[in-house]
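This report refers to the structure that appears directly beneath it.
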Amino acid sequence: MSKILVVEDEPMLLDMICSYLKENNYEVIGVKEYDKALNLAYENSFDLWIFDVKIIGGSGFDLLKELRQSGRGTPCIFVTSLNTINDLKDGFTSGCDDYIKKPFELKELLLRVNNILKRTFVHNIDEFENINSKLKFDVRHGILYKNGEILPLANKQSRLLLMLIKNRDKFITRDEIFNEIWEYDEEPSELSLRVYISELRKIIGKDRIISQSKLGYKYV
């Protein structure tokens, strides 16, 4: 049973999230305060953290930064009402793996939790892939940097690039990509996949992604 730490300062929402995740076979501990969350994260081995940004005694961003600086690599989802591009940037640069805006459906949160825990391989590979002298990809957090600055990618683009890097020099089929990148309630789109591949080639170089009609795509 995977173990999750939830940090949320709204008592009703905290109770709802914890109860829902427990109903879906997760072991959950919920707290409202920065210091309690920090101590729990240090003292326990969690499979996932879910942090609100505005918490009692501090910021979820600062909480995650402090944990990352101490070497903790547990995946993290931010839950917040903040919604500007700078907020998004702060969240990912502090080390989060996903970001969900309030209000949200508990079912959506569960989908994201399941997806993050399914991709635990992210935390067992090198932290950065140096694509070329200007580009590097943070494989832990799914962020592409150009000359040290974040180069925004759509969620599916980022996940596709991660999947390609993870399978370096190995073809991955379209069906494998659809199963990994598209959610269960989405209709896979061959046209969309081609667009994502085309856009990634423009960014990282057309020779870095090889395609064969029967085999799929390969990062080299």
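First residue of the sequence shown: 1140, per my numbering; consecutive thereafter. Every residue, glycine too, gets a C-beta built ideally from N, C-alpha and C.
Query raised in the report: Mind pulling the beta strand (DSSP E) runs of 3 or more residues that sit fully within the region 1237-1296?
Result: 1237-1240, 1267-1269, 1274-1277 and 1282-1285
Requested in this report: Drop a sphere of 10 angstroms on the beta-carbon of ASP1174, count the other beta-carbons inside from all chains shown, and report buried for 16 or more, exposed for fewer.
Outcome: Burial call: exposed.
Requested in this report: Return helix, strand or coil for VAL1334, following the three-state DSSP convention.
Outcome: Here DSSP, grouped into helix, strand and coil, assigns VAL1334 to helix.
Report task. Going by DSSP, name the residue or residues bridged to PHE1190. Result -> VAL1146 and PHE1217
Query - Whole-angstrom distance between CYS1235 and CYS1126, CA atom to CA atom - result: The question about residue 1126 has no answer, for the chain in this structure spans 1140 to 1359.
Requested in this report: With a 10 Å radius around its C-beta and 16 neighbouring C-beta atoms as the bar for buried, classify ALA1293 as buried or exposed.
Outcome: ALA1293 should be labelled exposed.
Report task. Let me know the secondary structure DSSP gives TYR1181 once reduced to three states. Result -> helix
Query - Own chain, CB closer than 8 Å to SER1209, minus 5 neighbours either side, in chain order - result: TYR1181
**Report entry** Whole-angstrom distance between ILE1255 and ASP1186, CA atom to CA atom
**Finding:** About 10 Å.
Query raised in the report: What residues in its chain sit with their C-beta under 6 Å from that of TYR1165, if we drop five residues either side in the sequence?
Result: Closer than 6 Å at Cβ, skipping near neighbours: SER1141 and ILE1143.
Query raised in the report: Is LYS1309 helix, strand or coil by DSSP?
Result: coil
Report task. Determine, using beta-carbon pairs with one atom in the region 1298-1305 and one in the region 1270-1282, whether at least three such pairs fall under 8 Å. Result -> yes
Query - Buried/exposed call for ASP1324, threshold 16 Cβ in 10 Å - result: exposed
Requested in this report: Taking THR1219 and LYS1241 to be in contact with their CB atoms under 8 Å, please state how far apart those CB atoms are, rounded to whole angstroms.
Outcome: THR1219 to LYS1241, Cβ: 6 Å. Contact.
Query raised in the report: Do ILE1348 and ARG1340 have their C-beta atoms closer together than 8 Å?
Result: yes
Query raised in the report: When DSSP labels each residue in this structure, what does GLY1199 get in the three-state scheme?
Result: helix
**Report entry** First through last residue of the beta strand (DSSP E) which encompasses LYS1357
**Finding:** 1355-1358
**Report entry** Length of the line joining the Cα atoms of GLU1266 and GLU1329
**Finding:** 30 Å
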